[in-house]
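Engineer: The structure is given below, and queries will be raised subsequently.
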Amino acid sequence: MARTRAQRRHHERRLKAIRRHYNNAGSCSSTHVGMVYHTPCSCSCWMCGNQRKNHGMNRQEVRARLRYTD
């Protein structure tokens, strides 16, 4: 089933209302809420960032790659 414009707008409003309180957003300007809506992670440190970038592949990915490697 294709997503309709109304459904996309509904989810956008819903997520913006939730993420308005992210990152101790004191200003709550519409620009800040829009940025947090698109990128909810506030930083890219080793705790918040992508696990694969910082720690390499996880065990499941390593096993799967070894299974199909000659």
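Position 26 (the sequence shown) corresponds to 27 in this note's numbering; numbering is contiguous. Ideal Cβ positions, reconstructed from N, Cα and C, are used throughout, including at glycine.
Using CA atoms only, rank isn't needed, just tell me which of R64, H12, Y69 and R53 is closest to H39.
Structural biologist: Taking the first residue of the sequence shown as position 1, residue 39 is located at position 38. For H39, the nearest C-alpha among the options comes from H12.
Engineer: For R21, which residues from the same chain have a beta carbon less than 7 Å from its beta carbon, with the 5 sequence-adjacent residues on both sides left out?
Structural biologist: On the sequence shown, residue 21 is found 20 positions in, with the first residue counted as 1. Closer than 7 Å at the Cβ level, and outside the excluded window around R21, lie C29 and V34.
Engineer: Go ahead and label V63 buried or exposed: buried means 16 or more other beta carbons lie within 10 angstroms of its beta carbon, across all protein chains shown.
Structural biologist: For the purposes of this step, residue 63 is taken as residue 62 along the sequence shown, with counting starting at 1. Per the 10 Å Cβ criterion, exposed.
Engineer: For W47 and N59, which I take to be in contact (beta-carbon distance under 8 Å), what is that distance rounded to the nearest angstrom?
Structural biologist: Within the sequence shown, the letter at position 46 stands for residue 47. Within the sequence shown, the letter at position 58 stands for residue 59. Not really, about 15 Å apart at Cβ, beyond 8 Å.
Engineer: Using the C-alpha atoms, what's the distance from M36 back to G50?
Structural biologist: Within the sequence shown, the letter at position 49 stands for residue 50. Within the sequence shown, the letter at position 35 stands for residue 36. Their Cα atoms are separated by approximately 17 Å.
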